[in-house]
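Asks: Provided herewith is a single structure, encoded as structure tokens, for subsequent inquiry.
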Amino acid sequence: MPQFPMTDGRRAILAQIPDYAVTISDAGKKITVSINDQVVTETSRALLIQETRHKDVYYLPREDVHLSLFEPTDHSTYCPFKGSASYFSYGDLENLVWSYEDPYPEVSALKGYLSFYTDRVEIKVKGD
Numbered sequence: 005m006p007q008f009p010m011t012d013g014r015r016a017i018l019a020q021i022p023d024y025a026v027t028i029s030d031a032g033k034k035i036t037v038s039i040n041d042q043v044v045t046e047t048s049r050a051l052l053i054q055e056t057r058h059k060d061v062y063y064l065p066r067e068d069v070h071l072s073l074f075e076p077t078d079h080s081t082y083c084p085f086k087g088s089a090s091y092f093s094y095g096d097l098e099n100l101v102w103s104y105e106d107p108y109p110e111v112s113a114l115k116g117y118l119s120f121y122t123d124r125v126e127i128k129v130k131g132d
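For the sequence shown, our numbering gives the first residue as 5, with consecutive numbering after it.
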């Protein structure tokens, strides 16, 4: 049995937008994320997520993020394409980072990766 069985609710949502796509690829670039001039991650192992009706997003390996600087929150969101997202705060910057702890099988590559709200951090990309 799959980890996430296709429920009637999820099936109905997916049927409404059959052309929706989530594409995951190796970013092939060095990504540095800073918050208030403090580097919180630097990695060359990021994933690039391209999703219908969304801006491209980088997801960074958990082990490359200084997680001791972040606190998990009770906030969560649901995406019918990726699953349930958990959030982390950095000081008074609440729910700044999210992660799909148990993503749907179609996007299982997201497991173990985090992403940041780009309007709340500084992201430098080398290799453009």
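Idealized CB from N, CA, C, for every residue including glycine. These numbers come from a predicted model, not from an experiment.
According to DSSP, simplified to helix, strand and coil, what is ASP68?
Replies: Correct three-state label for ASP68: helix.
Asks: Could you work out which residue in ALA25, ASP96, ALA113 is closest to TYR104 when comparing CA atoms only?
Replies: The residue with the shortest Cα to Cα distance from TYR104 is ALA113.
Asks: Can you find the residues in the same chain that come closer than 7 Å, C-beta to C-beta, to SER93, ignoring five residues on each side of it along the sequence?
Replies: Around SER93: PHE74, GLU75, THR77, ASN99, LEU100.
Asks: Mind listing, in chain order, the continuous beta strand (DSSP E) runs of no fewer than 3 residues lying wholly within the segment 78-122?
Replies: The qualifying runs are 87-94, 97-103, 117-120.
Asks: Are the beta-carbon atoms of SER29 and LEU52 separated by less than 8 Å?
Replies: Yes, the Cβ-Cβ distance between SER29 and LEU52 is below 8 Å.
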